[in-house]
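S.K.: So that we are looking at the same thing, I have put the structure below in structure tokens.
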Amino acid sequence: MNFHAARALKATVTLTGANREQLRPSGIKGLGDVPWGAHLCQFYESDSELLEILVPYFAAGLASNEFCMWITSETISRSRAIEALQKAVPQLPVLLDEGRVQILDFRDWYKLTDNFDSGRVCLGWSGRYEAALARGFEGMRVSGDTSWLNEDEWEDFVHYEDQVDPLIGSSRIIALCTYSVTACDTTKTCEVLSSHDCALVRRGGHWRAIESYGRRRAEQALRESEVRLRATIGSASDGIITVDENGEVTLANPAAAAMFGYKLEELLGESIGLLLERGRGSRRRRPVDLLKIADRGYFERRREFGWRHKDGSTVPVECAVSEIGLERLRRHFVICVQDLTERRRAEARIRQLHSDRLLAMGGMATTLAHEINQPLTATAAYLNAARRTIARMSDSRARAAEEALERACGQVLRAGGIIRHMREFIARSEPNKTRERLHALIGAACELTSATASHADVRLVLDLQAEHDTIIGDAVQLKQVIVNLVRNAIEALRAVEVRRLTISTAAVDAGMIRIDVADTGPGMSEASRARLFEPFKTTKAHGLGVGLALSRSIIEAHYGTIWAEPNHGGGTVLRFTLPLAE
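Residues in the sequence shown are numbered consecutively from 1, following UniProt numbering.
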């Protein structure tokens, strides 16, 4: 009789592969060893046949450190059962006192009330099983007789067998149900066979194990399914680890073992804490209370960790944990582990490329600023010479020309100041901070962008409600930030019909003032907002992705914060804060 097959799919995840292959001595001639989860039945004709099976069955269980429970029949009293078992196990009285074996009258287990309560009995088996494991037993071995059943209770008992079968099949339990041949007709016999792995029957003076055909087909299908499942798990590139509620590894695939430098057999049976240890040189097992972690909702999303390689190094991983909920059974968890080492290297290379690109652009900007500054200086000199020449004329047209030239000179000098500040910023020099009125800076920035807004048919609204707006900052840099935000908003508004841009201020906690630049444009996704201020990340078709990154650097250099949010009326709000001057 081959009992190597798993009894149920739950056994695949509840018991380790080693446990499911570990056979237990049945003590019964003609049956041999059986695995955990075996659900057997016996058809007997007399009390002697019943005792012939049950006595060696329980003797083998007691010798194997299994908690044993014997529920007697109508014809064999508790005292008679004890007397029969003591002949095979002389130390039985001591074992009874120690609670290693319980022998109960059927009335004290199945018939506590007038009616048979299958739910209560199932909970009773489950409670005894959990207590046995807690006391250190290898598992539990049970037997119950059915001679007390009457016709009205038979259907309920068949339903009970269906209820208790998953508990047995997915636990370290071996169960033997005994049926009197005289009480079972052909229909009942078929029903009994369908809910058990095999039946013990006596033929020609010998006991034979008859396998259930339906069970055999189900187990064959399960074996095939398990082979496919193991092949799938074994070929997965990510690590897959199954642990019980105590953190003991019950299953792992080759990818998980290789990821942390272990052989597969080195991980099985170990604590998952072996991989969570910090510090080099420590190989002790670390207890892990997964139940407490799970109940806190820690497994509800993917998380990144640094797990420990066998050589003591840290492996960056991303983990997703799923709980396997099995009714009335110990909880188990499946951990899917993805190695982030290559991703981290790729991200480092990208950051280096970005840094190199910024460095190159900084050099280009410095050269460009130097080249542009020379013609600007010459232009300013020529304009001043022209203004002085016209100043010597007396008619009204000359005065108008002089005023125009004076304004042109002012703009050239402003352009030179901007270039100088850009060079200082690229060189990472400190901003030239002075006391400034923020509302005045906003007004100046709006004046610089008014032509662009008018050309794009954008309505610009100022809502400057902050009572105090004096700050300590670099006027040129802060104006550049506001101009950049406004121009970005104007570009976004070109794609919509309602084109309104609102700039507002408000006092916020901790002595800060907040500036909002809100547009009614198409808006942007959460992912785009999250990376909006990263270098070279742009939503424009021809943008470089530098302006907002520089704006963030300027704001942070002024001890402020800048971020983006969706506008309640549609569009986007770019907000930044600055500390008010004391």
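Even for Gly, the Cβ is constructed at its ideal location relative to N, Cα and C. Since the model is a prediction, treat every value here as computed from it, not as a measurement.
Considering Q39, what are the terminal residues of the beta strand (DSSP E) in which it resides?
M.R.: The question names Gln, but residue 39 in the sequence shown is His. H39 -> beta strand (DSSP E) spans 39-44.
S.K.: Assuming V89 contacts L96 under a Cβ cut-off of 8 Å, what Cβ separation, rounded to an integer in Å, is found between them?
M.R.: With a Cβ gap of about 10 Å, V89 and L96 do not count as contacting.
S.K.: Per DSSP, which residues does V201 bridge with? Please list them.
M.R.: The partner list for V201 (beta bridge, DSSP) reads R208.
S.K.: What do you reckon, are the CB atoms on L580 and I513 nearer than 7 Å?
M.R.: Cβ distance < 7 Å, so L580 and I513 count as in contact.
S.K.: With H, G and I counted as helix, E and B as strand and the rest as coil, what does DSSP make of A581?
M.R.: A581 falls in the coil class under three-state DSSP.
S.K.: Given that a residue counts as buried once 16 or more other Cβ atoms are within 10 Å of its Cβ, and exposed if not, what is V573?
M.R.: Buried, by the Cβ-count rule.
S.K.: From this set, E74, L62, C68, which residue's C-alpha is nearest L50's C-alpha?
M.R.: L50 has its Cα closest to that of E74, out of E74, L62, C68.
S.K.: Rounded to whole angstroms, what is the Cα-Cα separation between A378 and S454?
M.R.: A378 and S454: Cα-Cα distance of roughly 32 Å.
S.K.: Applying the 10 Å Cβ sphere with the 16-neighbour rule, what's the burial state of I490?
M.R.: Buried is the call here.
S.K.: Under a three-way DSSP split, which group does S73 fall into?
M.R.: S73 falls in the coil class under three-state DSSP.
S.K.: Is H558 helix, strand or coil when you go by DSSP?
M.R.: Coil, per DSSP.
S.K.: Keeping to the same chain, check which residues put their C-beta closer than 7 Å to that of I210; ignore five residues upstream and five downstream.
M.R.: Cβ within range, chain order: C198, A199, V201.
S.K.: When the Cα atoms are used, what is the spatial distance from L85 to L54?
M.R.: The alpha-carbon atoms of L85 and L54 are separated by roughly 8 Å.
S.K.: Write down every uninterrupted run of the beta strand (DSSP E) in the region 95-153 whose length is 3 residues or greater and which is fully enclosed by it, in chain order.
M.R.: Listed in chain order, the complete beta strand (DSSP E) runs (minimum 3 residues) inside the region 95-153 are 101-104, 139-145.
S.K.: At the level of alpha carbons, what is the spacing between F106 and G144?
M.R.: C-alpha separation (whole angstroms): 8 Å.
S.K.: Look at the alpha carbon of R399 and the alpha carbon of I390, and state the distance between them as a whole number of angstroms.
M.R.: The straight-line gap from Cα to Cα measures roughly 8 Å.
S.K.: Please state the DSSP three-state secondary structure of Q22.
M.R.: DSSP places Q22 in coil when its eight states are reduced to three.
S.K.: Does K29 pass the burial test, meaning 16 or more other C-beta atoms within 10 Å, or should it be called exposed?
M.R.: Label assigned to K29: exposed.
S.K.: Could you tell me which of S170, E161, I562, T186 sits nearest to S195, measuring between CA atoms?
M.R.: That would be E161, whose Cα lies nearest to the Cα of S195.
S.K.: Whole angstroms is fine: what's the gap from S271's alpha carbon to G27's?
M.R.: Those two C-alpha atoms are separated by around 34 Å.
S.K.: Under the DSSP definition of a beta bridge, which residues are partnered with E409?
M.R.: The displayed chain sequence assigns Cys, not Glu, to residue 409. In DSSP, C409 forms no bridge with anything.
S.K.: Please check the pair D457 and T505, which I expect to be a contact at CB under 8 Å, by giving their CB distance rounded to whole angstroms.
M.R.: That belief does not hold up - the Cβ atoms of D457 and T505 are roughly 25 Å apart, past 8 Å.
S.K.: Enumerate in chain order the residues of its own chain whose CB-to-CB distance from E327 is below 8 Å, with the five nearest sequence positions on each side excluded.
M.R.: Here the model assigns E327 a pLDDT of 44, short of 50, so the residue's position is not dependable and the matter cannot be decided.
S.K.: Could you please give the first and the last residue of the uninterrupted alpha helix (DSSP H) stretch that includes T452?
M.R.: Its alpha helix (DSSP H) spans residues 438-455.
S.K.: Just to confirm before moving on: does the CB-CB distance between D463 and T520 stay below 7 Å?
M.R.: The answer is no: Cβ separation not under 7 Å.
S.K.: Taking DSSP as the reference, what is the three-state secondary structure of C190?
M.R.: The answer is helix: DSSP assigns C190 an H, G or I state.
S.K.: Report the residue from A257, A258, I241 whose alpha carbon sits nearest the alpha carbon of L250.
M.R.: Looking at the sequence shown, residue 250 is not Leu but Thr. It is I241.
S.K.: Since E52 is in the alpha helix (DSSP H), which residue starts that stretch and which ends it?
M.R.: Note, E52: alpha helix (DSSP H), 47-63.
S.K.: DSSP beta-bridge partners for C184?
M.R.: The partner list for C184 (beta bridge, DSSP) is empty, contrary to what the question assumes.
S.K.: In chain order, what residues of the same chain lie with their CB nearer than 6 Å to the CB of M69, ignoring the 5 residues before and after it?
M.R.: For M69, where only same-chain residues beyond five positions count, the Cβ hits under 6 Å are Q102, V142.
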